[in-house]
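Report on the following structure.
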Amino acid sequence: MTPLDARLLRALRDTHVHLPAGDLAAQLGESATAIRAGLAALVAAGFAIEDRPGFGFRLLAAPDRLIADDLTARLGGNALIREVLVFAETESTNDLATRLGRDGAAGGVAIFAEHQTAGRGRFGRRWASASHRGLWFSLLLRPALPLADWARLTTWAAVALAAAIDEMTGAKAAIKWPNDIFLGDKKVAGILAESGTDSAGSPFAVLGIGVNVNHEPADFPPDLRASAGSLRSVTGQPLDRTACAVAILRALEARRSALVTDFPAIIAEAAARSFLLGRWIKVRVGDAAAEGLAETLDAQGHLLLRQADGTLQCLTAGEVTVIAR
């Protein structure tokens, strides 16, 4: 997409009325001929643009694929994201973001892929990344937080992601500590936070996010069909994936200040959405396991587990199973 095509797309997105070619030319400082060529290029790229004689042009729909310039245009100004990259296929967006971070890139980069060949979740588990069905992306961040507080990132992302899913589906998303998002009893999204340092010794964070958007049951591997769901399974119809991506990035930006200055508000929202609090659970960390009542979250988002003998254990991570009692 050329710079003119991107500016033209943004102008069309900024209005719901028809715009004559002459008005678009004046607004963008281009000739009417250039505007018509740009419109033709957008149509060739899959955008549905209505040409109504006597009225002008209006954007009706975008293609069902992620386009960096389209994402940027729809996102508008965003204090969190300065650059959007989209790849047709990659092994892992987290790996791409990590390479950028090690090379000294500034924070604020969002990296999307239509398909991942080696997508992963926590503990190195594979993440099924069906092409053109979901959102698979990573954020390269350099948080304005002491390193000791970087554990907050997963809770911050989970709260924002759940809120965006509410907006997209009209349902109430729940957080299964520490990093999974559920609709009902189905996992629809997950988060993987990683970190590293560049050659100058400056730290960076990588926040990987995967969302099952338009999956149908057959899109999941057989072993995941009982536990995995999608936003479409709740809405009953396909969703605009670009609009979903924009909603998530805006929800993260909306909580950006609270991450630093009002984290108790993030914790309160996480607790209110918790899939686990008040339930008896088993948490496995490596070869060790603990069992008890998921009582609350502490000030950093760690889970406090009340064991049967009354002792309170603070857990920073783990694989959680709910136990029926």
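Start counting at 1 in the sequence shown, then tack on 3, and there's your number in the numbering used here. All C-beta atoms in this analysis are idealised placements derived from N, C-alpha and C, irrespective of residue type, glycine included.
By the 16-neighbour rule on beta-carbons within 10 angstroms, residue 315 is exposed.
Distance from residue 184 to residue 192 at the Cβ level is roughly 4 angstroms; contact confirmed, criterion being Cβ atoms closer than 8 angstroms. Residue burial is scored here from C-beta neighbours: residue 317 has fewer than 16 other C-beta atoms within 10 angstroms and is therefore classed as exposed. Residue 53 and residue 10 have their C-alpha atoms some 18 angstroms from each other. For residue 267, there is no enclosing beta strand (DSSP E); the enclosing alpha helix (DSSP H) covers residues 266-275. The beta carbons of residue 71 and residue 99 sit no closer together than 9 angstroms. For residue 114, the closest alpha carbon among the candidates 143, 106, 120, 285 is that of 143. Taking 9 angstroms as the cut-off, the Cβ atoms of residue 244 and residue 137 count as close. Using a 10 angstroms sphere on the CB of residue 226, the tally of other CB atoms stays under 16, which defines it as exposed. Residue range 24-31 is occupied by the alpha helix (DSSP H) that includes residue 27. About 16 angstroms separates the beta carbon of residue 273 from that of residue 321, a gap too long to meet the 8 angstroms contact definition. Per DSSP, reduced to three states, the secondary structure at residue 99 is helical. A residue is called buried when at least 16 other Cβ atoms come within 10 angstroms of its Cβ; residue 19 does not meet this threshold and is exposed.
Annotation: the continuous beta strand (DSSP E) that includes residue 299 extends over 291-300. By the Cβ test, the stretch 155-173 is in contact with the stretch 189-204, since at least three Cβ pairs between them sit closer than 8 angstroms.
Closest option to residue 218, judged by alpha-carbon separation, among 319, 242, 299, 289: 242.
Looking at the DSSP output, residue 199 bridges to 207. Residue 110 has its alpha-carbon roughly 9 angstroms from the corresponding atom of residue 208. Measuring C-alpha to C-alpha distances from residue 22 to each of 36, 62, 168 identifies 62 as the nearest. Taken through DSSP and simplified to helix, strand or coil, residue 183 comes out as strand. Here residue 51 has 63, 64 as same chain residues with Cβ atoms under 7 angstroms from its own Cβ, once five neighbours each way along the sequence are excluded.
Bridge pairing for residue 144: 208 [DSSP]. Residues 261 of the same chain have their beta carbon placed closer than 7 angstroms to that of residue 268, with the five preceding and five following residues left out of the count. DSSP, read as helix, strand or coil, puts residue 322 in strand. Ranking 283, 264, 202, 311 by CA distance to the CA of residue 102 puts 202 first. In the DSSP assignment, residue 222 is bridged to no other residue. Distance from the CA of residue 181 to the CA of residue 119, rounded to the nearest whole angstrom, comes to 23 angstroms. When the alpha-carbon of residue 289 is set against those of 6, 263, 276, 323, the nearest one is in 323. C-alpha of residue 24 to C-alpha of residue 56: approximately 11 angstroms in a straight line.
The DSSP-derived three-state label of residue 84 is coil. As DSSP reads the structure, residue 309 sits in a beta bridge with 296, 315. The Cβ neighbour count for residue 306, taken over all protein chains shown within 10 Å, is at least 16; the residue is labelled buried. In the DSSP assignment, residue 114 forms a beta bridge with 88, 141.
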